[in-house]
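Engineer: Take the sequence shown: its letters are residues 0 to 251, numbered as in numbering that gives the first Met the number 0. Glycine included, every Cβ here is placed at the ideal spot set by N, Cα and C.
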Amino acid sequence: MSGHSKWSKIKRQKGVSDIKKGQLFTKLGREVIVAVREGGADPERNFRLRLAIQKCRDNNMPLDNVNVAIKKASGEAGGSALTETSFEGYGPGGAAILVQGLTDNRNRTLQEVRGAFSRGGGNLAEAGGVAWLFENRGVIVVEAGQLSLEDIALWAIDAGAEDFKIEKDSLEIYTEPATLEPVRRALEEHDVAIASAELSMIPKTTLELGEDEALRVLKLLDRLEELDDVQRVFSNVDFSDAVMDKLRAKAA
Numbered sequence: 000m001s002g003h004s005k006w007s008k009i010k011r012q013k014g015v016s017d018i019k020k021g022q023l024f025t026k027l028g029r030e031v032i033v034a035v036r037e038g039g040a041d042p043e044r045n046f047r048l049r050l051a052i053q054k055c056r057d058n059n060m061p062l063d064n065v066n067v068a069i070k071k072a073s074g075e076a077g078g079s080a081l082t083e084t085s086f087e088g089y090g091p092g093g094a095a096i097l098v099q100g101l102t103d104n105r106n107r108t109l110q111e112v113r114g115a116f117s118r119g120g121g122n123l124a125e126a127g128g129v130a131w132l133f134e135n136r137g138v139i140v141v142e143a144g145q146l147s148l149e150d151i152a153l154w155a156i157d158a159g160a161e162d163f164k165i166e167k168d169s170l171e172i173y174t175e176p177a178t179l180e181p182v183r184r185a186l187e188e189h190d191v192a193i194a195s196a197e198l199s200m201i202p203k204t205t206l207e208l209g210e211d212e213a214l215r216v217l218k219l220l221d222r223l224e225e226l227d228d229v230q231r232v233f234s235n236v237d238f239s240d241a242v243m244d245k246l247r248a249k250a251a
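Shown next, in the form of structure tokens:
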């Protein structure tokens, strides 16, 4: 399950331009819209909406943007119909890649995703060819600070977490989807600063690649995430510290 926080942390360190931040807010807003249409506009009764709003807060999305998204979902402010879609494929070195999107035109999104795979040295797979390699889990990431990562991990287990992994400067905590919120709340009661908390597709087994292939996979993942209709991208590659150090150097 290793590797989830490494790539995410590098992206946070890279920072985002105003254009990319605007794109991120658009994607977060879409997640709110779909959550409302699926389960209603009351966060207390809609688990997915609670997670979507929390993710907006984690990314400093203005509350006004969140409210506009909720109004769009309820039909008060217009907005096109969005459909959840997913694509599966392989990247350099046989890396398994799972792409989740929200779109008002699946054919357009399919062509954009296929093009990204092709330019990145990969290819799309048949439905089900990759998804079985992943499982839905809650993932909480805590970066090293004043509190002991070991203590935080124990608090998480006491609160219902299934597993954890300590890297040299961060902690990944894994939960069942339904216990993501309770574990997060329990950690916040201990004044733990949460870097991120979300539902994620975690690989059942991971793949190690050589440096060149791993960097090519990272470039492909970035290319896919930059597509407007793509919400999240997952891979089964366990990126080595050497690869991440090189990526960090490029981001500096």
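Under 6 Å Cβ to Cβ from Leu179, same chain only, skipping five residues before and after it: list those, please.
Structural biologist: Start at 1 with the first residue of the sequence shown, and residue 179 comes out as number 180. Cβ within range, chain order: Gly137.
Engineer: Would the beta-carbon of Gly88 fall within 8 Å of that of Asn122?
Structural biologist: Working through the sequence shown from its first residue, we reach residue 88 at position 89. Working through the sequence shown from its first residue, we reach residue 122 at position 123. Against a cut-off of 8 Å, the Cβ pair of Asn122 and Gly88 comes out as a contact.
Engineer: I'd like the list of long-range same chain contacts for Ile151, defined as Cβ closer than 7 Å, with 5 residues on each side in sequence excluded.
Structural biologist: Translated into the one-based positions of the sequence shown, residue 151 becomes position 152. If we look at Ile151 and ignore the five residues flanking it on each side, its Cβ neighbours are Val141, Leu170, Leu186, Val191.
Engineer: Can you tell me the Cβ-Cβ gap for Ile96 and Val232, rounded? I've got them flagged as a contact below 8 Å.
Structural biologist: Translated into positions along the sequence shown, residue 96 becomes position 97. Translated into positions along the sequence shown, residue 232 becomes position 233. Their Cβ separation, rounded to whole angstroms, is 7 Å, which keeps Ile96 and Val232 in contact under 8 Å.
Engineer: Which residue comes first and which comes last in the beta strand (DSSP E) that contains Glu142?
Structural biologist: Taking the first residue of the sequence shown as 1, we reach residue 142 at position 143. First-last of the beta strand (DSSP E) with Glu142: 133–142.
Engineer: Assess contact between the region 204–214 and the region 93–111, defined as three or more Cβ pairs (one per stretch) separated by less than 8 Å. Is contact present?
Structural biologist: With the cut-off at 8 Å, the region 204–214 and the region 93–111 touch.
Engineer: Taking 8 Å as the cut-off, decide whether the C-beta atoms of Val33 and Leu109 are in contact.
Structural biologist: Looking up residue 33 in the sequence shown gives position 34. Looking up residue 109 in the sequence shown gives position 110. No. Outside cutoff.
Engineer: Is DSSP giving Gln145 helix, strand or coil here?
Structural biologist: One-based indexing of the sequence shown puts residue 145 at position 146. Of the three classes helix, strand and coil, the one that applies to Gln145 here is coil, per DSSP.
Engineer: Considering just the uninterrupted stretch of the alpha helix (DSSP H) at Val65, what are its terminal residues?
Structural biologist: Reading the sequence shown from its first residue, position 66 is the one you call residue 65. 62–72 is the span of the alpha helix (DSSP H), which, as asked, contains Val65.
Engineer: Throw me the rounded Cβ distance for the Thr174 and Ala194 pair, which I believe falls under 8 Å.
Structural biologist: The residue you call residue 174 lines up with position 175 of the sequence shown. The residue you call residue 194 lines up with position 195 of the sequence shown. Not really, about 15 Å apart at Cβ, beyond 8 Å.
Engineer: Assign Ala126 to buried or exposed, taking buried as 16 or more other Cβ atoms, counted over all protein chains shown, within 10 Å of its Cβ.
Structural biologist: Within the sequence shown, numbered from 1, the residue matching residue 126 stands at position 127. With fewer than 16 Cβ atoms within 10 Å of its Cβ, Ala126 is classed as exposed.
Engineer: So, under 8 Å CB-CB, Val229 and Leu223 are touching, yes? Tell me the CB distance rounded to an integer number of Å.
Structural biologist: Residue 229 sits at position 230 when you count from the first residue of the sequence shown. Residue 223 sits at position 224 when you count from the first residue of the sequence shown. So it is a contact: roughly 6 Å between Cβ atoms.
Engineer: Go through the region 141–205 residue by residue and report every complete run of the beta strand (DSSP E) that reaches 3 residues or more, in order.
Structural biologist: With a minimum length of 3 residues, the continuous beta strand (DSSP E) runs that stay inside the region 141–205 are 162–165, 169–174, 195–202.
Engineer: Return the Cβ separation of Ile69 and Ala40 in integer angstroms, given the expectation that the two are a contact with Cβ distance under 8 Å.
Structural biologist: Taking the first residue of the sequence shown as 1, we reach residue 69 at position 70. Taking the first residue of the sequence shown as 1, we reach residue 40 at position 41. Confirmed, Cβ separation roughly 5 Å.
Engineer: Compare the Cα-Cα distances from Leu101 to each of Val129, Arg29, Phe163 and report the closest residue.
Structural biologist: In the sequence shown, the residue the question calls residue 101 occupies position 102. The option with the nearest alpha carbon to Leu101 is Arg29.
Engineer: Tell me whether Arg118 sits in a helix, a strand or coil according to DSSP, three-state version.
Structural biologist: Counting from one through the sequence shown, the residue named residue 118 turns up at place 119. Helix, per DSSP.
Engineer: Where does the unbroken alpha helix (DSSP H) through Phe238 begin, and where does it stop?
Structural biologist: Here residue 238 refers to the residue found at position 239 when the sequence shown is read from its first residue. Taken as a continuous stretch (DSSP letters only), Phe238 belongs to no alpha helix (DSSP H), as it is neither H nor E.
Engineer: If you draw a straight line from the C-alpha of Ala248 to the C-alpha of Gly90, how long is it?
Structural biologist: Indexing the sequence shown from 1 puts residue 248 at position 249. Indexing the sequence shown from 1 puts residue 90 at position 91. Roughly 23 Å between the two C-alpha positions.
Engineer: If I'm right that Asn235 touches Pro202 with Cβ under 8 Å, what's the distance once you round it to whole angstroms?
Structural biologist: Along the sequence shown, one-based indexing puts residue 235 at 236. Along the sequence shown, one-based indexing puts residue 202 at 203. About 4 Å; that satisfies the 8 Å criterion.
Engineer: Measure the beta-carbon distance from Glu210 to Val242 and round it to whole angstroms, keeping in mind my assumption that it falls under 8 Å.
Structural biologist: Position 211 of the sequence shown, counted from the first residue, corresponds to residue 210. Position 243 of the sequence shown, counted from the first residue, corresponds to residue 242. Going by Cβ atoms, the distance from Glu210 to Val242 rounds to 6 Å, so yes, they are a contact pair.
Engineer: Start and end of the alpha helix (DSSP H) containing Leu50?
Structural biologist: Here residue 50 refers to the residue found at position 51 when the sequence shown is read from its first residue. It spans 46–57 - the alpha helix (DSSP H) in which Leu50 sits, taken as one unbroken run.
Engineer: Buried or exposed, going by whether 16 or more other CB atoms sit within 10 Å of the CB of Gly271?
Structural biologist: It is not possible to answer for residue 271, since the shown part of the chain is limited to 0 through 251.
Engineer: So for Gly92, helix, strand or coil by DSSP?
Structural biologist: By 1-based counting over the sequence shown, the position of residue 92 is 93. It is helical.
Engineer: Output the distance between the C-alpha atoms of Gly2 and Ala213, rounded to the nearest integer angstrom.
Structural biologist: Residue 2 sits at position 3 when you count from the first residue of the sequence shown. Residue 213 sits at position 214 when you count from the first residue of the sequence shown. At Gly2 the pLDDT is 48, less than 50, meaning the model places this residue with poor confidence; the figure from the coordinates comes in the next sentence. Each residue's Cα considered, the two are about 12 Å apart.
Engineer: Comparing alpha-carbon positions, which option in Val98, Ala155, Gln22 lies nearest Glu188?
Structural biologist: Counting from one through the sequence shown, the residue named residue 188 turns up at place 189. Minimum Cα distance to Glu188 is reached at Ala155.
Engineer: Since Leu98 sits in a beta bridge, which residues does DSSP pair it with?
Structural biologist: Mapped onto the sequence shown, residue 98 falls at position 99. Correcting the residue type first, residue 98 is Val in the shown sequence and not Leu. According to DSSP, Val98 bridges with Phe86, Val232.
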